Amino acid sequence: MNILIFGPPGSGKSTHSRRITELYGLTYVSSGDMIRGEISRGSELGREMERYLAAGELIPDVVVNSLVISRLRRDRGNFILDGYPRTAEQVLALENYLYDHGISINVAMEIFISKEESVERISGRRICPGCGEVYHVKYRPPKVPGRCDVCGTELVQRSDDRPEVVKKRYDLYVKNMKPIITFYKKQGIYVRVDGHGGISEVWERIRPLLDYIHSQEVTRRGSGGAP
Ligand SMILES: [Zn+2]
């Protein structure tokens, strides 16, 4: 089973991706994790990507494509892809890869939340600069307001998490994803899940859906369909 997952900032897609990965024994491929990994390893590619980010520029599609596609090549299917594709060029690269290997995507799932919800979830986040613990003023408050439970350091808000920045990130997501969602809608594999509510509430919406898609895939394979 091959899954694409996406959602606006704060949608909880990474949390649910990990659950889905465990449930169906998939490989979790996150373009964001891979980019951060390359940068922290200090590889040649990582240093190149760091230069783009430091200059406030997007990493070129050709770089992201080679990173993600070479990762997908290692397993040849059974993946959940998080954060990719994000541009028309990336869709094309993925489509070429899928075609060449006779692999298809079973579902392109969007976990959707409103802009207000996105801002509330993200802008409430507080990080401990001392030990890296993550809190939320409403959903996971520290015992002493503004202080880390673990090490007592004063908590801070990441500059990316300020409400005005979150609003921009949200709008950018909607704008960028519009043509991509249209593409997967036309293919008949786009599904939108309501991402409001608690993690287990949202999971109860995702799981039956994927169980159904998974059973269809098993039936298809069992009846001698294409691999
Ligand atoms: Zn701490």
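Here the working numbering runs 80 ahead of the position in the sequence shown, where the first position is 1. Cβ atoms here follow ideal geometry from the backbone N, Cα and C, with glycine treated the same way. From a predicted model like this one, the values you see are computed outputs, not experimental measurements.
>> For Gly210, which residues in the same chain have their Cβ closer than 7 angstroms to its Cβ, ignoring the five residues on either side in sequence?
In response: As a first step, residue 210 must be located in the sequence shown, where it is residue number 130. So the qualifying residues of the chain are Cys228, Cys231 and Thr233.
> For the beta strand (DSSP E) that contains Arg205, what are its first and last residues?
Replying inline: Within the sequence shown, the letter at position 125 stands for residue 205. Per DSSP, Arg205 belongs to the beta strand (DSSP E) from Arg205 to Ile207.
>> Tell me the DSSP secondary structure of Asp162 in three-state form.
In response: By one-based count along the sequence shown, residue 162 stands at place 82. Three-state result, Asp162: strand.
> Between Glu213 and ligand 1, is the CB less than 7 angstroms from at least one heavy atom?
Replying inline: Position 133 of the sequence shown holds residue 213. Glu213: yes, Cβ under 7 angstroms from ligand 1.
>> What I want to know is whether the C-beta of Gly210 ends up closer than 7 angstroms to one or more non-hydrogen atoms of ligand 1.
In response: Walking along the sequence shown from the start, residue 210 turns up at place 130. Because some heavy atom of ligand 1 lies under 7 angstroms away, the Cβ of Gly210 counts as near it: yes.
> Helix, strand or coil: how does DSSP classify Val109 here?
Replying inline: Taking the sequence shown and counting its residues from 1, one reaches residue 109 at position 29. Val109 falls in the strand class under three-state DSSP.
> By Cβ distance below 6 angstroms, which residues in the same chain neighbour Arg205 in space, the five residues on each side in sequence not counted?
Replying inline: As a first step, residue 205 is located in the sequence shown; it is residue number 125 there, counting from the start. Taken in chain order, the residues that qualify are His216 and Asp241.
>> What would DSSP say about Ala135, mapped onto helix, strand or coil?
In response: Locating residue 135 in the sequence shown gives position 55, where the first residue counts as 1. The answer is coil: DSSP assigns Ala135 none of H, G, I, E or B.
> Measuring CA to CA, which of Gly157, Thr167 and Glu196 is closest to Asn186?
Replying inline: Residue mapping note: residue 186 aligns to position 106 of the sequence shown, counting from 1. Among Gly157, Thr167 and Glu196, the Cα nearest to that of Asn186 belongs to Gly157.
>> Between Tyr219, His96 and Ser111, which has its C-alpha nearest Tyr104's C-alpha?
In response: For the purposes of this step, residue 104 is taken as residue 24 along the sequence shown, with counting starting at 1. Answer by Cα proximity: His96.
>> If you reduce the DSSP assignment to three classes, tell me which class Glu196 lands in.
In response: On the sequence shown, position 116 is the one that residue 196 refers to. Of the three classes helix, strand and coil, the one that applies to Glu196 here is helix, per DSSP.
> If we call anything under 8 angstroms between Cβ atoms a contact, is Arg166 one with Asn82?
Replying inline: As a first step, residue 166 must be located in the sequence shown, where it is residue number 86. As a first step, residue 82 must be located in the sequence shown, where it is residue number 2. No, they are not a contact pair.
>> Can you look up Glu190 in the DSSP assignment and give me helix, strand or coil?
In response: Mapped onto the sequence shown, residue 190 falls at position 110. Strand at Glu190.
> At what residues does the alpha helix (DSSP H) containing Asp229 begin and finish?
Replying inline: Numbered from its first residue, the sequence shown carries residue 229 at position 149. It is not in any alpha helix (DSSP H) - Asp229 carries neither H nor E in the DSSP assignment.
>> From the DSSP secondary-structure annotation, give me the bridge partner or partners of Asp274.
In response: Locating residue 274 in the sequence shown gives position 194, counting from the first residue. Answer is Phe192.
>> Going residue by residue through the region 237–294, where are the continuous alpha helix (DSSP H) segments of at least 4 residues, counting only ones entirely within it?
In response: 243–266
>> How far does the alpha helix (DSSP H) with Leu235 in it extend, from its first residue to its last?
In response: Working through the sequence shown from its first residue, we reach residue 235 at position 155. From DSSP, Leu235 is part of no alpha helix (DSSP H); its letter is neither H nor E.
> Just to confirm, are Val171 and Ser111 a CB contact at a threshold of 8 angstroms?
Replying inline: By 1-based counting over the sequence shown, the position of residue 171 is 91. By 1-based counting over the sequence shown, the position of residue 111 is 31. For Val171 and Ser111, no; Cβs fall outside 8 angstroms.
> With a Cβ-Cβ cutoff of 8 angstroms, do Ser295 and Pro243 count as a contact?
Replying inline: Locating residue 295 in the sequence shown gives position 215, counting from the first residue. Locating residue 243 in the sequence shown gives position 163, counting from the first residue. Going by C-beta atoms, Ser295 is not nearer than 8 angstroms to Pro243.
>> I want to check one thing, is the minimum distance from the CB of Val224 to the heavy atoms of ligand 1 below 7 angstroms?
In response: Mapped onto the sequence shown, residue 224 falls at position 144. No.
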